[in-house]
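Only one structure is covered here, and it is reproduced in the block below.
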Amino acid sequence: MAPFRKSHSMSSKTMQALVFKVQYEAPDIVSIELRPDNPENAFPIVEAGAHIDLHLGNGLVRSYSLTNPGDTDRYVVAVLKDRRSRGGSTYVHEKLRIGQVVSIGVSRNYFKLDETVTMSVLLAGGIGITPIYAMLKRLSVLKRNATLIYCARSRVEAAFVAQIQTLVDASGTDLAVIFHFDDEHGGPPNLEQLLGGYAKDTHFYCCGPAPMLDAYEQACERLGQHHVHLERFEATGIPSEEVAEGYAVELKKSGRTVWVEPGIALLDALIEVGIRPDFNCREGVCGACETRVISGDVIHRDHILTKQEWSANKSMMICVSSCRTGRLVLDI
Ligand code: FES
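First residue of the sequence shown? That's 3 in the working numbering, and the numbers climb one at a time after it.
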């Protein structure tokens with residue numbers, strides 16, 4: 003992305019980065035190449051699927067996926083000019099310039115690539131290509147088999163088309179790509195058709211707009227595929243039970259206990275009493291506020307953790323998740 007995740011932030015661990023290159027990849031998409039502001043430093047290495055927070059000069063913080071896994075001398079993100087922008091993508095397109103120094107967060111990865119599997123199918127919709135492109139590059143380095151299905155409204159609106167074709171052509175038979183541009187096919191893709199015919203040990207990855215992710219999940223379910231991974235960059239309503247009562251949160255490290263009233267986000271209750279947890283999107287999609295759970299009956303509502311991770315109950319996103327009853331104990 004860089005799927006961008008909407009935000010206002012408090013992320014604490016940051017590095018300084020120089021805007022080294024800004025380049026149009028499509029009429030509404032720019033890529034931003036960041037380098038360490040001190041050339042003697044290196045960035046921490048990043049995995050395919052990871053994203054960083056970019057602290058913008060207007061006080062906003064946005065999360066963007068990195069397109070260049072494995073590099074330590076540069077980070078590259080791509081940003082769509084969003085017509086519904088609340089300031090982030092507009093700032094990047096209109097104000098961010100070569101030579102500026104910006105703060106960036108340490109990368110996080112909630113969209114991990116399983117590098118051990120025999121076959122991976124990567125599905126990208128629009129600007130969702132950014133983490134998927136990183137995965138394709140990584141699978142190319144590893145010489146694994148993968149098929150990329152890249153969907154966009156039109157070829158001209160799609161970023162990295164030529165680079166992807168070059169990468170696939172150079173890979174021999176390891177990689178394949180299917181481009182689906184709506185204007186060339188007379189409409190959106192039939193995902194069940196495109197995702198059909200793969201062995202049951204195939205791993206599937208998707209990043210794109212919410213309707214595509216929903217269709218992707220439904221198609222994988224109908225096809226009986228179980229290794230299904232996705233990354234959302236905008237929240238969709240997760241149906242959740244109403245909680246009529248407040249609950250107490252014990253903060254193990256600080257030895258404090260905070261009461262959370264019904265209808266109040268746990269994150270806000272903590273901020274209210276002067277605690278400063280990291281946060282960013284406030285929508286359960288970026289992972290910045292992930293907090294270790296020591297005990298408690300958590301109602302998970304994020305879009306990051308898997309159902310298995312919800313059940314394991316080892317951590318929670320305190321911006322959207324809460325406690326069903328009794329007392330919650332957190333490692334803060
Ligand atoms: S602030 Fe983004 S997941 Fe909580």
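Glycine residues also receive a C-beta, built at the ideal position from the N, C-alpha and C atoms.
Counting along the chain, I131 sits inside the alpha helix (DSSP H) bounded by residues 131-144. For L125, there is no enclosing alpha helix (DSSP H); the enclosing beta strand (DSSP E) has its first and last residue at 121-127.
F281 has its Cβ nearer than 6 Å to a heavy atom of the ligand FES. With a threshold of 6 Å, the Cβ atom of R146 does not count as near the ligand FES, since no heavy atom of the ligand is closer than that. The DSSP assignment places no complete alpha helix (DSSP H) segment of no fewer than 4 residues inside the region 31-80.
Here H57 is buried. Its C-beta has 16 or more other C-beta atoms within 10 Å. For H182, the uninterrupted beta strand (DSSP E) segment begins and ends at 177-183. Beta-bridge annotation (DSSP): T149 is paired with V123, A178. Separation of A44 and I266 (C-alpha to C-alpha, rounded to the nearest whole angstrom) is 41 Å. Around the beta-carbon of S313, fewer than 16 other beta-carbon atoms lie within 10 Å, marking it exposed.
In this structure, L138 and A154 do not form a Cβ contact; the two beta carbons are roughly 15 Å apart against a cut-off of 8 Å. Placement of the Cβ of M319 at a distance of less than 6 Å from at least one heavy atom of the ligand FES is found. In terms of CA proximity to G174, S142 leads the group S142, T204, L20, K202. G107 has its Cβ no nearer than 6 Å to any heavy atom of the ligand FES. Excluding the 5 residues flanking it on each side, Y218 has same chain C-beta neighbours closer than 7 Å at L125, L193, C208, L232, in chain order. C325 has its Cβ no nearer than 6 Å to any heavy atom of the ligand FES.
Taken in chain order, the unbroken stretches of beta strand (DSSP E) that lie wholly in the region 242-295 and span 3 residues or more are 249-253, 258-262. Sequence-distant partners of G127 (beyond 5 residues in either direction) whose C-beta falls short of 6 Å from its own C-beta, in its chain, are C153, G210, P211, M214. Under the three-state reduction of DSSP, Q310 is assigned to helix.
Selection K145, R329, V108 evaluated against E117 yields K145 as nearest (Cα-Cα). The residues V32, S33, I34, E35, L98, R99, I100, in chain order, have a CB closer than 8 Å to that of V24 in the same chain once the five nearest residues on each side in sequence are set aside. Here DSSP, grouped into helix, strand and coil, assigns L20 to strand.
In this model, W261 and Y112 are separated by some 30 Å (Cα to Cα). Taking the Cβ of G289 as the reference point, at least one heavy atom of the ligand FES falls within a distance shorter than 6 Å.
For L332, the secondary structure class from DSSP, reduced to helix, strand or coil, is strand. A271 is positioned such that its CB atom lies no closer than 7 Å to that of F281. Rounded to whole angstroms, the separation of the alpha carbons of I151 and L196 is 8 Å.
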